[in-house]
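Report on one structure; see the data block that follows.
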Amino acid sequence: MKQVKTAVIWLVVGLALGLWFGVNIGKGKPVFSNPFQASTVQEKLRQTGDDILEKSGDALEKGGQALKESARD
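Next up, the structure:
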């Protein structure tokens with residue numbers, strides 16, 4: 000009975016740590032940071048800038064492909 004109790008405790012601790020680390024990895028934060036800490040304005044601006052750069056790069060790539068296709072025709 001003691002072994003089952005110990006196994007359940009370790010399972011709960013492992014799940015809690017795995018969730019903590021998984022949330023931080025999913026948010027792109029350091030593994031040991033606080034997952035409940037609100038993002039700062041600077042972090043939000045950086046993320047928004049990264050998203051804009053990625054979308055503009057995709058748009059430029061699509062435009063370049065359209066030009067190549069129109070030049071072939």
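Last residue of the sequence shown? That's 72 in numbering that gives the first Met the number 0, and every number before it is there in order.
Ideal Cβ placement from N, Cα and C applies to all residues, glycine included.
What distance in whole Å lies between the Cβ atoms of residue j and residue i, which are believed to be in contact at a cut-off of 8 Å?
i: Val30; j: Phe20; result: 5 Å
What did DSSP end up calling residue i once you bin it into helix, strand or coil?
i: Gln36; result: coil
i: Lys1; result: helix
i: Gly48; result: helix
i: Asp72; result: coil
i: Gly27; result: coil
Which same chain residues end up closer than 8 Å to residue i when comparing Cβ atoms and leaving out the 5 residues on each side of it in sequence?
i: Ile51; result: none
i: Gly48; result: none
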